[in-house]
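All remarks here apply to the structure that follows.
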Amino acid sequence: MGPVYLLTTLNLPPVHISTLKRKENKIGAALEDAAKECCSAAQKEEVNKSNGNIEVSFDSGWQKRSTGWNYNSSTGHGSMIGKETGKILQFSLRSKACHICALYQSKNHTVPAHECTKNWDGSSKGMEPDMAISMAKDLKEAGCPINVIHGDNDSTTTSRLQAVFPSIEKKDDANHTKKSITSKLYKLSQKHKSLKQPNVISYIGKCFMYAIKESQSKNPDRLKSSLDVIVPHLYGDHSLCAKESVNWCSFLKNTSQARYRSLPGGKPLTCLSLQTDLISIVQNLKDRATSLVNLGSTQANENFNFIVSTKAPKQNVGLSPDEFTMTTATKIAAKRKAQKSKQASLHGKRGRLMKKIKKGKKETTNEVHEGVTYSTAVELDQADNQFTTEIPQRLTLPTTPTYVIFDIETTGLGRTSDILQISADNLNIYIQPRCSISEQASIVTGILFDWDTKKMFVKGKEVNSKPVQEALLDFVDYVKRIPKPILVGHNACNFDIPVLTNRLREFKLLEELSTHVLGFVDTLKISKRIFKKCDVSNYKQENLVKKVDHIQLLCT
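The working numbering puts the first residue of the sequence shown at 52, with every later residue one more than the last.
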């Protein structure tokens with residue numbers, strides 16, 4: 052129930068929304084300060100109770116319900132709860148939207164100074180790992196460094212967190228572990244009909260959890276041994292059950308009368324291909340044995356997420372009407388009628404569609420930049436190094452950038468061609484080719500190479516040339532002497548940059564050049580944005596130079 056509904060239900064005049072918003076901003080800051088003080092007190096209590104060996108559970112949530120293929124909530128929150136105290140030690144919020152910024156940007160106006168709520172430009176999936184890292188840093192600065200974190204396997208939080216804090220140990224969550232196992236079994240049921248029988252998947256999942264729970268207070272090697280028991284047990288071999296003295300195998304208690312209550316006909320499984328797939332699941336869990344010992348729980352975090360969701364309910368409570376109640380209800384009804392009419396109009400439908408397309412494009416772009424960040428049981432299926440590589444964000448130019456104009460000539464017109472010449476400002480290097488020069492390339496560049504004498508000619512004149520590796524080293528050394536230059540070339544994105552990076556990568560020099568160069572600029576792409584094709588006929592450099600000279604002449 053909102054404040055307008057509350058006051059009108061009490062038959063009191065409602066307060067204007069702008070007034071409520073101003074008060075909310077003042078009260079909100081005070082509430083946030085109070086929450087931070089509570090977290091600070093909880094941190095001290097956790098440190099004392101855990102003797103410095105701090106374990107936390109972590110989980111996050113979104114304000115918009117999403118599915119496995121569509122996560123596009125504008126806001127998300129996360130929390131870290133101490134294992135000993137059960138109290139929230141730190142919280143974090145990510146928001147991709149600010150109505151004030153959006154309003155002024157839509158009108159192409161300068162955004163005024165205001166308290167902006169937007170603090171995230173990435174995808175919704177990328178919020179969780181970023182919040183975990185942010186909270187871990189805050190806790191470390193507050194004298195409450197994390198040793199162990201308990202969480203689900205649905206995001207790449209662990210990999211990204213350990214890239215910043217290598218000493219943090221990850222422990223899985225019991226409920227999410229069971230969920231990931233049963234999810235894999237349901238996926239296998241698409242090709243193994245025996246898993247579609249009633250209670251079969253449930254029983255196999257129980258066997259996995261029996262083995263995991265039985266080894267919680269023991270070391271990882273003991274857990275691995277318990278996991279090895281599962282598949283033979285399901286296929287009627289109980290020799291390992293006896294060897295490992297498992298408590299959950301009923302065949303050890305009464306071999307003659309025991310039967311599989313949840314398997315078809317009370318008999319063991321017989322499908323050999325299913326056996327291979329089950330062994331694969333066991334091996335996957337054995338590889339993560341360290342994370343599966345001493346399992347934690349994120350139930351407290353899930354409960355906190357539920358509490359947050361109840362603070363902004365989508366149901367409105369209506370009570371008995373009175374004077375102000377009826378007045379407000381009439382205004383709200385009129386407002387909703389106007390909104391409904393607008394939404395049903397062509398303009399409204401088109402606006403919603405364009406907004407959805409724009410939001411979807413931005414979300415997809417961010418997800419490509421970030422790589423894999425969130426997916427069901429993603430930690431169980433891929434290597435850690437696949438989670439920490441990101442595509443760099445768009446380059447932001449410094450206030451006083453340094454430009455270096457460069458160009459290359461090649462043996463052919465393909466991106467895999469060899470380089471014949473590298474030029475950059477006052478640097479000019481000719482390179483001995485390792486393959487024949489195409490006739491078309493010779494016509495364009497005027498470069499010929501005599502394979503018998505190993506001599507190079509440019510428009511009939513002999514020039515000095517170097518091996519390609521030596522020439523690339525000279526180019527890198529030249530660039531290193533200039534502070535963070537931006538390389539500028541015409542049609543560089545489509546040709547010069549791919550050819551140059553291919554050769555640098557071949558001789559293991561690409562990473563070194565990347566550390567010294569800020570980025571690339573393609574003048575062809577810029578020209579197409581500035582000049583219409585009808586004004587320049589084509590975008591060759593000589594035509595563009597004539598056009599610019601003509602503009603400068605008119606200006607003078």
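Glycine residues also receive a C-beta, built at the ideal position from the N, C-alpha and C atoms.
Treat the numbers as computed from the prediction; the structure is a model and nothing was measured.
query, result
"For Val-530, three-class secondary structure by DSSP", "helix"
"Closest by C-alpha distance to Lys-412, when choosing among Phe-508, Ile-498, Ser-175", "Ser-175"
"Three-state class that DSSP yields for Glu-29 in the structure shown", "The structure shown does not extend to residue 29, since the chain is modelled only from 52 to 607, so the question has no answer here."
"Nearest to Leu-523 (by Cα), restricted to the options Gln-472, Lys-579, Ser-313, Val-344", "Gln-472"
"Among Asn-104, Ser-124, Ala-92, Glu-353, nearest to Lys-407 - alpha-carbon criterion", "Ser-124"
"Delimiting residues of the beta strand (DSSP E) encompassing Arg-310", "Note, Arg-310: premise wrong, no beta strand (DSSP E); not H, not E."
"Completely contained alpha helix (DSSP H) runs for the stretch 156 to 190, where each covers 4 or more residues", "none"
"Sub-8 Å separation of Ser-111 and Glu-179 beta-carbons", "yes"
"Classification of Val-519 by the beta-carbon crowding that lies within 10 angstroms, buried from 16 upward", "buried"
"N-terminal and C-terminal residue of the beta strand (DSSP E) that Leu-140 is part of", "139 to 146"
"Proximity of Pro-319 and Leu-285 at Cβ, strictly below 8 Å", "yes"
"Buried versus exposed, by CB contacts within 10 Å (16 or more), Gln-94", "buried"
"Distance between beta carbons of Gly-173 and Asn-417, contact taken as under 8 Å", "5 Å"
"Distance, Glu-414 Cα to Lys-147 Cα", "11 Å"
"Three-state class that DSSP yields for Glu-135 in the structure shown", "coil"
"The stretch 208 to 215 contacting the stretch 345 to 359, beta-carbon criterion three pairs below 8 Å", "no"
"Own chain residues within Cβ distance below 8 Å of Pro-449, not counting five before or after", "Lys-535, Leu-569"
"Bridge-paired residues (DSSP) for Tyr-454", "Ile-537"
"Inter-stretch contact (C-beta, 8 Å, three-pair minimum) for the stretch 342 to 349 and the stretch 95 to 110", "yes"
"Assigned secondary structure, Val-344 (DSSP; H/G/I helix, E/B strand, else coil)", "coil"
"Other residues of its chain near Asp-203: CB distance less than 6 Å, five sequence neighbours each side excluded", "Asp-224, His-227"
"Of the residues Arg-339, Lys-591, Lys-388, Ile-456, the one placed nearest Lys-222, counting alpha carbons only", "Arg-339"
"Own chain, CB closer than 8 Å to Gly-256, minus 5 neighbours either side, in chain order", "Lys-229, Ile-232, Thr-233, Leu-236"
"Bridge partner(s) assigned by DSSP for Val-199", "Glu-106, Glu-220"
"Per-residue burial, Phe-500 [other beta carbons within 10 Å of its own, 16 or more giving buried]", "buried"
"With 16 other Cβ atoms within 10 Å as the buried cut-off, status of Val-280", "buried"
"Helix, strand or coil at Gly-112 [DSSP, three-state]", "strand"
"Contact the stretch 546 to 562 vs the stretch 462 to 477: 3+ CB pairs below 8 Å", "yes"
"Residue range of the unbroken alpha helix (DSSP H) whose run includes Ile-252", "251 to 265"
"Alpha carbon of Cys-292 to alpha carbon of Leu-303, nearest angstrom", "8 Å"
"Cβ neighbour criterion (16 or more within 10 Å) applied to Cys-258", "buried"
"When Asn-305, Ile-197, Pro-315 are compared against Val-251, the one with the closest alpha-carbon", "Pro-315"
"Span separating the alpha-carbon of Trp-113 from that of Ala-80", "22 Å"
"The beta strand (DSSP E) enclosing Gln-472, as first and last residue numbers", "470 to 475"
"Contact set for Cys-322: own chain, Cβ-Cβ below 8 Å, skip 5 residues either direction", "His-243, Ser-245"
"N-terminal and C-terminal residue of the alpha helix (DSSP H) that Val-359 is part of", "350 to 361"
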